[in-house]
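Below is one structure, written out as structure tokens, with a few remarks after it.
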Amino acid sequence: MDLHYALIAFILLYIFITGFHDEGNLIATIISSRSIGIRSAFITASLAQFIGTATLSTTVASTISKDVLKLKYITIAGNDLYIMIFTGLLGAVVWNLVTWYIGMPSSSSHALVGGMIGPFIIKYGIDSINIYGILLKVIVPLFLSPVFGFLIGYLVMYLTSRILRRAGVKVNTVLKKLQYLTLFILNAGQGANDAQKGMGLIYILTIGSSLSKSSEFHNTIKILSAFMISFGLLFGGLRMIKSVGTRIYRVKPFHSFNAQISSLFIVIAAALFGLPTSGTQIINSSVLGVGAKERPAAVRWQFARGMFASWIITIPASFAISSILFLISKTV
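Position 64, counted from 1, in the sequence shown is what numbering that gives the first Met the number 0 calls 63; the numbers after and before it change by one each time, with no gaps.
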């Protein structure tokens with residue numbers, strides 16, 4: 000039983016790492032544009048992340064636990080399930096730490112999926128993963144969300160520019176205050192989405208082991224996950240702000256407001272359909288869309304290409320790392 004809870008502790012550590020790897024992206028435009036002070040932005044965002052994770056539904060966790068790996072192979076894995084989940088998660092963590100250290104915005108969601116399928120494919124073959132579920136509920140939403148982020152960002156920037164074209168500079172004061180609301184909603188929704196991916200792994204353990212399946216157990220996991228992702232944001236979220244807020248496009252309060260509004264459309268849609276999305280992808284692509292509408296020449300497309308490349312290689316990279324780790328574990 001100690002092994003059960005040791006692995007749960009490691010999964011909670013992953014949620015913490017997701018907090019400082021991904022969630023800082025959600026407030027990057029607000030801080031870089033000086034719409035809200037750093038301390039106020041971090042406190043508001045971390046509080047929203049805690050409340051969202053602790054209170055919102057667990058449909059994304061259900062997707063991760065039921066639509067990535069086939070139930071048959073989870074139940075027959077026996078004690079190997081622990082080492083498979085451990086090495087799968089470790090592969091995702093290693094990739095997240097590498098990209099966090101170099102300040103490269105990448106997707107923890109992609110890393111988790113790539114990491115988890117690695118050991119199962121190595122042990123049971125391609126039949127052990129739910130290809131249809133991964134494509135329909137994981138890969139497609141994760142890869143379409145930045146496309147929609149860019150398009151919606153471009154459209155929202157166009158519409159607000161038209162609506163506010165005669166507004167004076169005082170409109171910036173209003174937009175700054177409105178961003179307290181967009182900041183809270185965006186972090187509550189996307190923070191819960193990101194935390195639930197780790198929660199889904201804990202639910203996999205409940206399927207393949209004798210862990211408690213009571214509602215009290217699941218409520219405890221939600222509270223712990225809420226604490227870990229919000230604390231993770233406070234601990235390391237500042238590192239990603241420069242990448243999103245300055246290296247893609249030099250944002251001002253008007254751009255930040257539009258990027259936040261654009262991101263909300265996708266976050267709300269993901270919450271309604273229980274689709275795992277990447278906050279990193281959403282906010283970065285929204286900034287690209289906003290910048291492309293106003294001044295395409297000012298967008299740092301070279302950085303954007305590198306960012307998209309990192310998203311493309313994340314699943315293969317985390318898959319390779321977790322597969323190697325699993326093979327090593329079998330020889331020890």
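Don't be surprised by glycine CBs; every beta carbon is placed ideally from N, CA and C.
Backbone secondary structure at residue i - three-state DSSP
{"i": "Leu-274", "result": "coil"}
{"i": "Ile-128", "result": "strand"}
{"i": "Leu-12", "result": "helix"}
{"i": "Leu-326", "result": "helix"}
{"i": "Leu-68", "result": "strand"}
{"i": "Arg-304", "result": "helix"}
{"i": "Glu-22", "result": "coil"}
{"i": "Val-168", "result": "coil"}
{"i": "Arg-38", "result": "helix"}
{"i": "Ile-247", "result": "coil"}
{"i": "Leu-163", "result": "coil"}
{"i": "Thr-86", "result": "helix"}
{"i": "Ser-229", "result": "helix"}
{"i": "Ser-261", "result": "helix"}
{"i": "Ala-44", "result": "helix"}
{"i": "Leu-204", "result": "helix"}
{"i": "Thr-62", "result": "helix"}
{"i": "Thr-57", "result": "coil"}
{"i": "Gly-77", "result": "coil"}
{"i": "Val-266", "result": "helix"}
Contact under 8 Å by Cβ, residue i with residue j
{"i": "Gly-231", "j": "Glu-22", "result": "yes"}
{"i": "Ile-184", "j": "Leu-263", "result": "yes"}
{"i": "Ala-47", "j": "Gly-190", "result": "yes"}
{"i": "Ile-26", "j": "Ser-144", "result": "no"}
{"i": "Ser-317", "j": "Ala-8", "result": "no"}
{"i": "Ser-39", "j": "Val-250", "result": "no"}
{"i": "Met-198", "j": "Ile-228", "result": "no"}
{"i": "Val-67", "j": "Val-137", "result": "yes"}
{"i": "Ile-29", "j": "Gln-178", "result": "yes"}
{"i": "Phe-256", "j": "Leu-174", "result": "yes"}
{"i": "Ile-265", "j": "Phe-147", "result": "yes"}
{"i": "Leu-141", "j": "Pro-252", "result": "no"}
{"i": "Ser-321", "j": "Gly-114", "result": "yes"}
{"i": "Asn-95", "j": "Thr-279", "result": "no"}
{"i": "Gly-273", "j": "Thr-58", "result": "yes"}
Pick from the options that is closest to residue i, judged by C-alpha positions
{"i": "Phe-286", "options": "Pro-315, Thr-276 and Ile-247", "result": "Looking at the sequence itself, residue 286 is Val, so the reference to Phe does not match. Among Pro-315, Thr-276 and Ile-247, the Cα nearest to that of Val-286 is on Ile-247."}
{"i": "Thr-54", "options": "Leu-180, Gly-117, Phe-147 and Asn-218", "result": "Asn-218"}
{"i": "Ala-60", "options": "Met-306, Val-266, Val-289 and Ala-194", "result": "Ala-194"}
{"i": "Tyr-4", "options": "Leu-180, Thr-205 and Ile-75", "result": "Thr-205"}
{"i": "Trp-99", "options": "Phe-19, Asp-79 and Ile-138", "result": "Phe-19"}
{"i": "Phe-226", "options": "Ala-187, Asn-95, Ala-258 and Leu-200", "result": "Ala-187"}
{"i": "Ile-314", "options": "Ser-107, Val-97 and Asn-24", "result": "Ser-107"}
{"i": "Leu-180", "options": "Thr-330, Ala-44, Leu-96 and Thr-58", "result": "Ala-44"}
{"i": "Ser-56", "options": "Val-331, Ala-269 and Arg-164", "result": "Ala-269"}
{"i": "Gly-90", "options": "Leu-2, Ile-323, Lys-329 and Val-331", "result": "Ile-323"}
{"i": "Ser-64", "options": "Asn-78, Leu-96, Tyr-13 and Gly-132", "result": "Gly-132"}
{"i": "Ile-35", "options": "Ala-296, Thr-172 and Ser-328", "result": "Thr-172"}
{"i": "Gly-124", "options": "Lys-71, Ile-101 and Val-155", "result": "Lys-71"}
{"i": "Tyr-13", "options": "Ile-312, Gln-301, Ser-284 and Ile-201", "result": "Ile-201"}
{"i": "Ile-33", "options": "Pro-295, Lys-176 and Arg-304", "result": "A small correction: the amino acid at residue 33 is Arg; Ile does not occupy that position in the sequence shown. Among Pro-295, Lys-176 and Arg-304, the Cα nearest to that of Arg-33 is on Lys-176."}
{"i": "Ile-37", "options": "Glu-293, Pro-295, Leu-182 and Val-112", "result": "Leu-182"}
{"i": "Leu-2", "options": "Tyr-157, Asn-78, Thr-58 and Ile-16", "result": "Asn-78"}
{"i": "Ile-203", "options": "Ile-16, Thr-159 and Thr-62", "result": "Thr-62"}
{"i": "Arg-161", "options": "Asn-283, Glu-293 and Asn-192", "result": "Glu-293"}
{"i": "Ile-312", "options": "Pro-295, Val-112, Gly-167 and Ile-16", "result": "Val-112"}
{"i": "Asn-283", "options": "Leu-158, Ala-303, Arg-165 and Thr-159", "result": "Ala-303"}
{"i": "Tyr-157", "options": "Phe-15, Ala-258 and Val-331", "result": "Ala-258"}
Contact set for residue i: own chain, Cβ-Cβ below 8 Å, skip 5 residues either direction
{"i": "Lys-420", "result": "There is simply no residue 420 to check, as the chain begins at 0 and stops at 331 in what is shown."}
{"i": "Phe-325", "result": "Ile-82, Met-83, Thr-86, Gly-87, Gly-117, Pro-118, Ile-121 and Lys-122"}
{"i": "Leu-11", "result": "Gly-197, Leu-223, Ser-224 and Met-227"}
{"i": "Ser-309", "result": "Thr-98, Met-103, Pro-104 and Ser-105"}
{"i": "Thr-17", "result": "Asn-95, Ser-107, Asp-193, Ala-194, Lys-196, Gly-197, Ile-228 and Gly-231"}
{"i": "Ala-297", "result": "Tyr-248, Arg-249 and Gly-290"}
Contacting residues, own chain, Cβ-Cβ under 6 Å from residue i (five flanking each side not counted)
{"i": "His-254", "result": "Val-289"}
{"i": "Ile-222", "result": "Ala-53"}
{"i": "Ile-260", "result": "Val-155"}
Any non-hydrogen atom of the ligand SAH closer than 7 Å to residue i Cβ
{"i": "Thr-172", "result": "Of ligands this structure carries none, so the ligand SAH is not represented either."}
Contacts around residue i, its chain only, beta-carbon distance under 7 Å, and the 5 residues preceding and following it disregarded
{"i": "Gly-207", "result": "Ile-73, Thr-74, Ala-76 and Leu-80"}
{"i": "Leu-163", "result": "Val-170"}
{"i": "Leu-233", "result": "Phe-41 and Ser-45"}
{"i": "Lys-329", "result": "none"}
{"i": "Val-168", "result": "none"}
Residue-level contact to chain D via CB, residue i, 8 Å cutoff
{"i": "Ala-91", "result": "No chain D appears in the structure shown, which is made up of a single protein chain."}
**Every unbroken alpha helix (DSSP H) within the segment 99–160, with a cutoff of 4 residues, ordered by chain** = 107–123
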